Structures are given as structure tokens and as C-alpha cells.
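Undergrad: So for the sequence shown, the working numbering puts the first residue at 201; every next one is plus one. Mind looking over this structure? Questions follow.
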Amino acid sequence: MKVARCYVTALGFRGMVYALGGYDGDERFNSCERFDPRTREWKYFSSMNTRRSDASGTSHNGKVYVCGGFDGVQVLKSVEMYDPEQDQWTLISDMLGPRSGQVLVSHRGSLLVIGGFNGEMRLRAVERFDEEKNVWVQHIPLLDARSNFAAVVLEDQLHVIGGYNGETTFEEVERFDDNLKKWEKIKSLNKHRSAHGACVFKDSMTVSMCSVPGYIILRPLNMQQPSP
Numbered sequence: 201m202k203v204a205r206c207y208v209t210a211l212g213f214r215g216m217v218y219a220l221g222g223y224d225g226d227e228r229f230n231s232c233e234r235f236d237p238r239t240r241e242w243k244y245f246s247s248m249n250t251r252r253s254d255a256s257g258t259s260h261n262g263k264v265y266v267c268g269g270f271d272g273v274q275v276l277k278s279v280e281m282y283d284p285e286q287d288q289w290t291l292i293s294d295m296l297g298p299r300s301g302q303v304l305v306s307h308r309g310s311l312l313v314i315g316g317f318n319g320e321m322r323l324r325a326v327e328r329f330d331e332e333k334n335v336w337v338q339h340i341p342l343l344d345a346r347s348n349f350a351a352v353v354l355e356d357q358l359h360v361i362g363g364y365n366g367e368t369t370f371e372e373v374e375r376f377d378d379n380l381k382k383w384e385k386i387k388s389l390n391k392h393r394s395a396h397g398a399c400v401f402k403d404s405m406t407v408s409m410c411s412v413p414g415y416i417i418l419r420p421l422n423m424q425q426p427s428p
């Protein structure tokens, strides 16, 4: 990348890797860059309106969204939308409350922001963005409060994986049942994890190595099939 970034928001969009904001040990960034695998180059593009680290982002309906995070002073509730045609970030409606270490996902045509830390406690709360009204509304909360977890959509089902609850990292996995409109626990990870990554690969859920407060876990990847 052009600059060193930790607590950066990274996502894939239109065949490129986007890196949004982050922290270099001295300051938080609002700068953004993207990697084009065809040219093998990182290039800057339009900066966000707000400096933020430990935020979350996703692509949705041809746009990129980023929400929450920490600006060095306070946990944020602001949300921005990037229009790639205009190369412009626009602030949209704030979330109902501030969050860092949350996950923003696009699922079944909706934007959902899940869990996180509000500066005082880890959250079970989930919010859904009503695009027609430009407002965030409450959604069905998680079973367990958590921040710095991973989330993936596997076989059209939303899963949240591991994380930190304010006291310990844990291995529990929850899946949202869209028919019953509730979260349910499924098979746990083999090891508790926080600040990790997850993706869907060949119809399985892959959970990466990760750091845990106080030490580093170096274990083989967890591969989970979608069955409970």
C-alpha cells in the first residue's frame, strides 16, 4: 500500500481490493487506496469525509459503504457511501448508536450492521438500513454480544464467527434463520478467535489465523461445512 495501515477496512469491489482509513500508530486516516491486480499497483482515490479506524465496510448495489469506527477521540456512528462513477463519498444517515469493531454486510438486498463496541460495552444490537427512508432501524439482536468478529454469507445464510465479548475471546458461531427470524447457535470453531478474517471458499467457510489479546494463535485454518 501507499502507507502503512492497521485497523484498516478492506473489501473487494469490482475486481479490486479497497483499503479504507486505518491507523499508522500516530494518526487515523480518511485516505483510501485500491489495488488493481491487472496493473499490480495501489492508487489513491477520493478520501472519506471522516478519519476512522476499526470501521467496517461492504459493497451494496454498486456502491461502497463504510460505517462506525474510532477517530482517535470517540467511537463513531457516521456512515458514508462511495459512488465509483463520481469518485465521491457522501455522508448518509447515522446509525442509531456508535460502534467500532462491528461488521457491515449486504444480505438479501439489505445492509446490516452487527455487534461491535460503543465505547462502554460490546453489543448484541443489529441495525438494518432502510434505503427508501434513509434511516437505520433496529433488527433482531445477536444471542451473544461481541466485537472484532467475522461474518460471512454461506448458502444465502448469514453467519457471525468468534469475537471478543469484553472479557474473553470465544469460539461460538451464530447463524441467522431468515424463515424463523432468529439467530441460532451452530457448531463452534475449534479455537477461540478475535480480530480474525473469514471467507467462503468452495462452498465452505474458511476462518483465518488471528491474534488474541496477549498472544498469537498459529493454527491450521478452520474449514466448516454449512451444516449445524
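We treat Cβ as the ideally placed atom computed from N, Cα and C, and that holds for glycine. Because the structure is a prediction, the values reported are computed rather than measured.
Which term fits residue 232, buried or exposed, when burial requires 16 or more other beta carbons within 10 angstroms of its beta carbon?
TA: Numbered from its first residue, the sequence shown carries residue 232 at position 32. Buried, since its Cβ has 16 or more Cβ neighbours within 10 Å.
Undergrad: Quick check on this structure: which residue in 385, 363, 280 has the alpha carbon closest to the alpha carbon of residue 323?
TA: Mapped onto the sequence shown, residue 323 falls at position 123. Nearest option by C-alpha distance: 363.
Undergrad: Please go through the same chain and pick out, in chain order, the residues whose beta-carbon is closer than 6 angstroms to the beta-carbon of residue 217, but skip the five residues on each side of it.
TA: Taking the first residue of the sequence shown as 1, we reach residue 217 at position 17. Cβ within range, chain order: 235.
Undergrad: My assumption, with CB atoms under 8 angstroms, is that residue 300 sits in contact with residue 258. Please give the rounded CB distance.
TA: As a first step, residue 300 must be located in the sequence shown, where it is residue number 100. As a first step, residue 258 must be located in the sequence shown, where it is residue number 58. Not really, about 16 angstroms apart at Cβ, beyond 8 angstroms.
Undergrad: If you run the structure through DSSP and keep just helix, strand and coil, what is residue 386?
TA: By 1-based counting over the sequence shown, the position of residue 386 is 186. Correct three-state label for residue 386: strand.
Undergrad: Do you know how far the Cα of residue 287 is from the Cα of residue 296?
TA: As a position in the sequence shown, residue 296 is number 96, starting the count at 1. As a position in the sequence shown, residue 287 is number 87, starting the count at 1. Whole-angstrom Cα-Cα distance: 27 angstroms.
Undergrad: Go ahead and pull the three-state DSSP assignment for residue 355.
TA: Position 155 of the sequence shown, counted from the start, is the residue given in the question as residue 355. Note: residue 355 maps to coil in three-state DSSP.
Undergrad: Starting from residue 257, trace the beta strand (DSSP E) both ways and give me its first and last residue.
TA: Within the sequence shown, the letter at position 57 stands for residue 257. Taken as a continuous stretch (DSSP letters only), the beta strand (DSSP E) holding residue 257 covers 256–260.
Undergrad: Which of the three DSSP states, helix, strand or coil, is assigned to residue 239?
TA: Residue 239 sits at position 39 when you count from the first residue of the sequence shown. In the structure shown, residue 239 sits in coil (DSSP, three-state: anything other than H, G, I, E or B).
Undergrad: Hey, residue 203 and residue 220: beta-carbon distance below 9 angstroms or not?
TA: Locating residue 203 in the sequence shown gives position 3, counting from the first residue. Locating residue 220 in the sequence shown gives position 20, counting from the first residue. It is not a contact, given that the beta carbons lie outside the stated cut-off.
Undergrad: Spatial neighbours of residue 272 within its chain, please: CB distance less than 6 angstroms, with the 5 preceding and 5 following residues excluded, ordered by chain position.
TA: Stepping through the sequence shown from its first residue, residue 272 is reached at position 72. Closer than 6 angstroms at Cβ, skipping near neighbours: 228.
Undergrad: Alpha carbon to alpha carbon, how far is residue 280 from residue 334? Give it in angstroms, no decimals.
TA: The residue given as residue 334 occupies position 134 in the sequence shown. The residue given as residue 280 occupies position 80 in the sequence shown. Straight-line Cα distance between these residues: approximately 12 angstroms.
Undergrad: What whole-angstrom Cβ distance do residue 369 and residue 393 have, given they're in contact under 8 angstroms?
TA: Counting from 1 along the sequence shown, the entry for residue 369 is found at position 169. Counting from 1 along the sequence shown, the entry for residue 393 is found at position 193. The Cβ separation is near 6 angstroms, so the contact holds.
Undergrad: Decide if residue 277 is buried, meaning its Cβ has at least 16 other Cβ atoms within 10 Å, or exposed.
TA: By 1-based counting over the sequence shown, the position of residue 277 is 77. Its Cβ being crowded by 16 or more others within 10 Å, residue 277 is buried.
Undergrad: Checking the sheet assignment: what are the DSSP bridge partners for residue 339?
TA: Start at 1 with the first residue of the sequence shown, and residue 339 comes out as number 139. Looking at the DSSP assignment, residue 339 forms a beta bridge with 326.
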